[in-house]
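In this text, residue positions in the sequence shown follow full-length UniProt numbering: the first is 1, and each later residue adds one.
Notes follow the structure.
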Amino acid sequence: MKILLFFYILRLALCQKGIHQAKIPRWANEVTLGKFQNVLRSLSANLGTESYLVRTTSNNYVWAKGMTCVRATTRRMHDDVFNTTTSFKRSHTHWNSVHATVYPTTNYGYAYTKNGIINTEQGTGTTTYYALVFSNYRSCSIYYGPNGAHSPALDSGNYELWVTRERVKSVPFCCDFMFRYLTLGKSIREVYTSDCDGGHAGGWNPNPPQEKENDNNGIKG
């Protein structure tokens, strides 16, 4: 029922926006779709659980074609500030890990719902911006971005499908269907493969030194 409701209100949003506002993604409508796009609720939904980037549109410059097995764990630092540890394989063999600070924010003119995140890599200061398209607030989320220092305009960003560890091989229907719908006509790359089941990355550290002590642990999306 949730996915049917989402598509019904998405259709309403499309009718309301029309073609003159096409530079803003048509799902970016706080009134009709904001209930599915609460970043704070999404980040906090599965504290202590890894999430995997299952698939993405192939022109994603953050997760380039040589990167696979992308997994992330997020810890709440304080209030609405989070810390993420992301591990991934490069060229299917070499593991890498990065830490970032995540700040929930509003995108696309939203007034009440924090529907976006500012992701700043620790050490380099590299910042990327994402918007939450849809989440079931249990096991899967779809993010859109990044595109430099601004929220991506329509068709200029990339879609990312993230799921929790236990659903990585059985993506919930609502997120699977929604991702396929949003990416119609786009090239899709499977980021998770059977080679990704070999445990944590070498040198993987779930407790980066920059992080403040806190018992809350979670995921991106």
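Don't be surprised by glycine CBs; every beta carbon is placed ideally from N, CA and C.
According to DSSP, is Arg90 helix, strand or coil? Arg90: strand per DSSP, three-state reduction.
What is the DSSP secondary structure of Glu166, reduced to helix, strand or coil? Helix, per DSSP.
Assigned exposure category for Gly123 - 16 Cβ within 10 Å defines buried: Result: exposed.
Given that a residue counts as buried once 16 or more other Cβ atoms are within 10 Å of its Cβ, and exposed if not, what is Gly145? Gly145 should be labelled buried.
The ligand MG and Ala28: does the residue's C-beta get closer than 6 Å to at least one heavy atom of that ligand? This structure lacks the ligand MG, and indeed carries no ligand of any kind.
Just grab the DSSP bridge partners of Val81 for me. DSSP lists His78 as the beta-bridge partner residues of Val81.
For Met67: DSSP bridge partner residues: BP columns for Met67 point to Arg90.
Exposure label - Leu184; buried when at least 16 CB within 10 Å: With fewer than 16 other Cβ atoms inside 10 Å of its own Cβ, Leu184 counts as exposed.
Of the listed residues Val191, Tyr112 and Met178, nearest to Val39 (C-alpha basis): Closest by alpha carbon: Tyr112.
Can you tell me whether Arg180 is helix, strand or coil according to DSSP? Correct three-state label for Arg180: helix.
Pull up the DSSP beta-bridge partners for Phe134, would you. Answer by DSSP bridge pairing, in chain order: Ile142.
Ser194 in three-state terms, based on DSSP: Three-state result, Ser194: helix.
Going along the chain, which residues of its own chain have a beta-carbon closer than 6 Å to the beta-carbon of Val31, five neighbours each way excluded? There are no such residues.
May I have the straight-line CA-CA distance separating Leu161 from Thr49, to the nearest angstrom? Computed Cα separation, rounded: 16 Å.
In whole angstroms, what separates the C-alpha of Pro172 from that of Thr126? Straight through space, the alpha carbons of Thr126 and Pro172 are spaced by roughly 32 Å.
Among Glu121, Ser139 and Tyr108, which has the Cα closest to the Cα of Ala131? Per the Cα distances, Tyr108.
Taking 7 Å as the threshold (C-beta atoms), are Thr101 and Asn83 in contact? Against a cut-off of 7 Å, the Cβ pair of Thr101 and Asn83 comes out as a contact.
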